[in-house]
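Undergrad: Below you'll find the structure I mean.
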Ligand code: SF4
């Protein structure tokens, strides 16, 4: 595994000469500067949070959760906004491979059974993360927690490295995706489906499902986003069987004062109970035992 990681890290580093790691397809030279990179990153990655977490899906816990700055989207409701737009801003520290290896050993000793890479978006940090993983004598199974804007090149670099793809399926149509997340207009929607299909080719490791897809129920988006996403997922789940799980998250909390939300006023509301009931009911019918709600399997109806 270490040789594979080190080979992939070298290839990913080379890819930065004309970066197309995510679907933004910037084509800039990140080895020279950050200029022109939508993610605002050069070759370095910046960690702004790390902890032993039991807050992910039950099957992944306890996990060593590592947040890296920078992203390929700008979701208006993002809780990590400052680290997304300023990946190097405090409290971020540069990812240093030897520190990463030492901290992984410590978290393993504390009980971590997986490593969850999140942010921001790990894909835009791929070369530095692979380099850090290559320095770990016995890396934990990697959970790649991504918005799904992963280019074919990045998917190939991650194939065989990632144990669990944890993908966010945020929107059910391109108009909502563009208005709320700044989704690139020229990128096929939904882009995460191709990544999900690749994930399903991953042999299961250590009792982990290769694919978890998350969907956050947003106020006023049951018909335009949640139901179309669930429809896509029902098709995928029928192909995949128990290799995939869907986590329907119903805890959206409106950030009441945020000026960014003037572009999406419906996101000032809370999700109504009626919307939650309907979403869970539809998801249960379409997905059956592959459905989790807020990270836990549902009890039988
Ligand atoms: S990772 Fe994505 S956003 Fe960043 S420079 Fe490369 S293509 Fe652009």
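Residue numbers (our numbering): 881 to 1181.
C-beta: ideal position from N, C-alpha, C; glycine also.
1. If you count every other CB in all the chains shown that lies within 10 Å of the CB of residue 984, and 16 or more means buried, which is it?
2. Taking residue 992 as the reference, which of 1037, 1025, 956 and 946 has the closest Cα?
3. Among 1104, 1048, 941 and 1148, which one has its Cα closest to the Cα of residue 987?
4. Roughly how many whole angstroms lie between the Cα atoms of residue 1125 and residue 904?
5. Note down the Cα distance separating residue 1044 from residue 1079, rounded to an integer number of angstroms.
6. Just list the residues that DSSP pairs residue 926 with in beta bridges.
7. Output needed for residue 954: all residues of its chain with C-beta closer than 6 Å, excluding positions within five of it in sequence on either side, in chain order.
8. Where residue 1132 and residue 976 are concerned, what is the direct C-alpha to C-alpha distance, given to the nearest angstrom?
9. For residue 1060, count neighbouring Cβ atoms within 10 angstroms of its own Cβ and tell me buried if that reaches 16, exposed if not.
10. May I ask you to report which of helix, strand or coil DSSP gives residue 984?
11. According to DSSP, is residue 1039 part of a helix, a strand, or is it coil?
12. Where DSSP assigns a beta bridge to residue 1169, which residues make up the other side?
13. Buried or exposed, going by whether 16 or more other CB atoms sit within 10 Å of the CB of residue 1006?
14. Should residue 1103 be labelled buried (16 or more other beta-carbon atoms within 10 Å of its own) or exposed?
15. Evaluate contact between the stretch 920 to 929 and the stretch 1028 to 1048, counting only Cβ atoms and requiring at least three cross-stretch pairs below 8 Å.
16. Please name the residue in 943, 1003 and 1072 whose C-alpha comes closest to that of residue 964.
17. Using only the heavy atoms of ligand 1, determine whether one of them is closer than 7 Å to the beta carbon of residue 921.
TA: For this structure:
1. buried
2. 946
3. 941
4. Between residue 1125 and residue 904, the C-alpha separation is close to 27 Å.
5. Our two residues, residue 1044 and residue 1079, have alpha carbons roughly 7 Å apart in a direct line.
6. Under DSSP, the beta-bridge partners assigned to residue 926 are 974.
7. Excluding sequence neighbours, residue 954 sits near 1062.
8. 34 Å
9. buried
10. Note: residue 984 maps to helix in three-state DSSP.
11. coil
12. DSSP, once it has assigned bridges, lists no residue as partnering residue 1169.
13. Answer is buried; the Cβ neighbour count reaches 16.
14. exposed
15. no
16. 1003
17. Relative to ligand 1, the beta carbon of residue 921 is positioned inside 7 Å of a heavy atom.
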